[in-house]
Amino acid sequence: ILNVEQSPQSLHVQEGDSTNFTCSFPSSNFYALHWYRWETAKSPEALFVMTLNGDEKKKGRISATLNTKEGYSYLYIKGSQPEDSATYLCAFIDSWGKLQFGAGTQVVVTP
Amino acid sequence: GAVVSQHPSWVICKSGTSVKIECRSLDFQATTMFWYRQFPKQSLMLMATSNEGSKATYEQGVEKDKFLINHASLTLSTLTVTSAHPEDSSFYICSASDGAAYEQYFGPGTRLTVT
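Each protein sequence line maps, in turn, to chains P and Y.
For the first sequence, position 16 matches number 16 in my numbering, and the numbering has no gaps at all.
For the second sequence, position 43 matches number 43 in my numbering, and the numbering has no gaps at all.
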């Protein structure tokens, strides 16, 4: 089992504030890291596919960075809105195609 | 695009009965489908990977005779939980891939409760 951890497990954010959280993964045999956004009662939705060390991806107010040498990725939400409330999952894929999800960070944005 | 449906969204069954869960890719051909299980506050755990027309590959610790997976077409895979027991109660979710760079599209999941 690959060790993929997300922290914190949950966080509460005031509307308008920015926040970030972490996905840590093995620093060896890296192939790709995916970020998903999962709203209650919906399907997980792909946010980013990150493959290169130093990658930075952005989608609206959400962005992510990747450090494969030290084995972590940050996801940032700028100016959080209630619609950003969801569980954010990362998934690590190694060079053999083995995929392992983290347990997710649940984000609750309060008006 | 890339919509995956899953049916049923929730099911309650009695211990000893079997339950079938369907996963369909609605607007693309899914060469590979994946079945996951999630326990409360834990990560999605991959149970098996199935390619259309061939036998599924099960992850270590997953009983293939208990969790029967069929991927008979490029748009449909089914997971049958045979002789279900209360410990099989869980959230089951499928995903489908058209083969592009490990990108997976998820269904909304099925909540199974075995009484």
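For glycine and all other residues, C-beta sits at the position ideal for the given N, C-alpha and C.
Note that this is a predicted model, so its numbers are computed, not measured.
Residue environment for glycine 54(P): exposed (fewer than 16 other C-beta atoms within 10 angstroms of its C-beta). In this structure, isoleucine 21(Y) places its C-beta atom within 9 Å of the C-beta atom of valine 81(Y). Here the C-alpha atom of tryptophan 10(Y) lies approximately 9 Å from the C-alpha atom of phenylalanine 91(Y). When secondary structure is reduced to three states using DSSP, glutamate 83(P) falls in the helix class. Contact between glycine 71(P) and phenylalanine 21(P) does not hold, since their C-beta atoms are separated by about 15 Å, which reaches or exceeds 8 Å. According to DSSP, residue pairing for leucine 89(P) in a beta bridge involves Tyr36(P). In the DSSP assignment, the residues bridged to asparagine 70(Y) are Thr78(Y). An exposed status is given to alanine 41(P), since fewer than 16 other beta-carbon atoms sit within 10 Å of its beta-carbon. When Phe92(P), Gly104(P), Pro111(P), Lys59(P) are compared, the shortest CA-CA separation from phenylalanine 30(P) is found for Phe92(P). Between threonine 49(Y) and phenylalanine 67(Y), the alpha-carbon positions lie close to 12 Å from each other. Taking serine 83(Y) as reference, the option from Leu46(Y), Lys55(Y), Thr115(Y), Ser43(Y) with the minimal CA-CA separation is Thr115(Y).
Taking 9 Å as the Cβ-Cβ cut-off, the stretch 36 to 62 of chain P approaches chain Y at Tyr36, Trp38, Ala41, Lys42, Ser43, Pro44, Glu45, Ala46, Val49, Thr51, given in chain order. Contact between serine 43(P) and glycine 99(Y) is absent: CB atoms are separated by about 19 Å, not below the 8 Å threshold.
The DSSP-derived three-state label of glutamate 5(P) is strand. Residue-level contact by beta carbon holds for serine 43(Y) and chain P, with a gap shorter than 9 Å.
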